[in-house]
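Right, one structure below, let's go through it.
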Amino acid sequence: MALDGPAGSGKSTVARLVAEKLGFFYLDTGAMYRAVALKSLRESINCDDEPALTRLAQEAHIQMVPRPSLPPAVFLDGEEVTEPIRSAQVAERASWISQYQGVRDALVKRQKMLVEPGGVVVEGRDAQTVIAPDAEVKIFLTASLEERARRRWLELRQRGEEISFEQVVAQTAERDQRDQDRSVSPLRKADDAVELDTTNLTAEEAAEIIVRMVKEREHQMATKGEDL
Ligand code: DC
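If you're matching positions, the sequence shown starts at 8 in the numbering used here and goes up one per residue.
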């Protein structure tokens, strides 16, 4: 199944919970862009050097290892980088390099191979359109701007960052605009995706709804198979 949504819609937590409940592999495609971004920073590659960044994306050895009740551990060239890839600097670089077609092609090629056998929850910008256009279930998670900003604000406060709620609302609105306006893989719901509003749902509740949808779909496919 493929899942996407705007910042703060809860997509990462929900994707992980769905994968845990179904015994699926959770493929966090954003973590792959972040790993390549980290490698490019460490190797001091200029952020405008598309050929070098493409080569790096082709060569980087990225592994994701599931952990119970935690986001997957991420390894880059054999070294664990689960924490370093979450820094603001890496997020910024990942956002930049994900615009390059060469970088995208290198990562999409691997992502397609990973989803091919099935039993995967794939999360990311192009999950429903490019990586897994044939996914059995496609979900676009949403939530109101205020709720998404509230979640982000609580997260930042937990990390000890001093920022007003109003500032986070403004930042979230700005990021939405940027995500929707970008020319390469802009954020949008696929035509055949189901929209699920999580404003009044916990991540656990949203995951339960999705698990039911996947099971229904599996049942439909099994009975269709019997009819043939
Ligand atoms: O979801 P995230 O914040 O971990 O993603 C990191 C960056 O990579 C973000 O700027 C969006 C980009 N990205 C992308 O372009 N395509 C994907 N499939 C996943 C992430």
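Glycine is no exception: its CB is placed at the ideal position from the N, C-alpha and C atoms.
Going by Cα to Cα distance, which pick from the options is closest to residue i?
i, options, result
"A93", "S19, V144 and V137", "The identity of residue 93 in the sequence shown is Arg, whereas the question assumes Ala. That would be S19, whose Cα lies nearest to the Cα of R93."
"V81", "G37, M120 and L60", "G37"
"R49", "A67, R166 and P193", "A67"
"V122", "W103, A142, R132 and I104", "A142"
"R74", "A95, D186, E27 and P91", "E27"
Return helix, strand or coil for residue i, following the three-state DSSP convention.
i, result
"D35", "strand"
"T149", "strand"
"L194", "coil"
"Q227", "helix"
"M71", "strand"
Here's the rule I'm using: 16 or more other beta-carbon atoms within 10 Å means buried, otherwise exposed. How should residue i be labelled?
i, result
"E162", "exposed"
"V43", "buried"
"A177", "exposed"
"S76", "exposed"
"S171", "exposed"
"E99", "exposed"
"Q174", "exposed"
"Q314", "Residue numbering for the chain in the displayed model covers 8 to 235; residue 314 lies beyond these limits and cannot be assessed."
Cβ atoms of residue j and residue i: under 8 angstroms apart, would you say?
i, j, result
"G126", "F32", "yes"
"L203", "I138", "no"
"A150", "T209", "no"
"V128", "V191", "no"
"L148", "L10", "yes"
"R164", "A14", "no"
"V21", "A214", "yes"
"L194", "Q187", "yes"
Whole-angstrom Cβ separation of residue i and residue j, contact assumed at under 8 angstroms?
i, j, result
"A113", "Q70", "16 angstroms between Cβ atoms; not a contact."
"K46", "L63", "6 angstroms"
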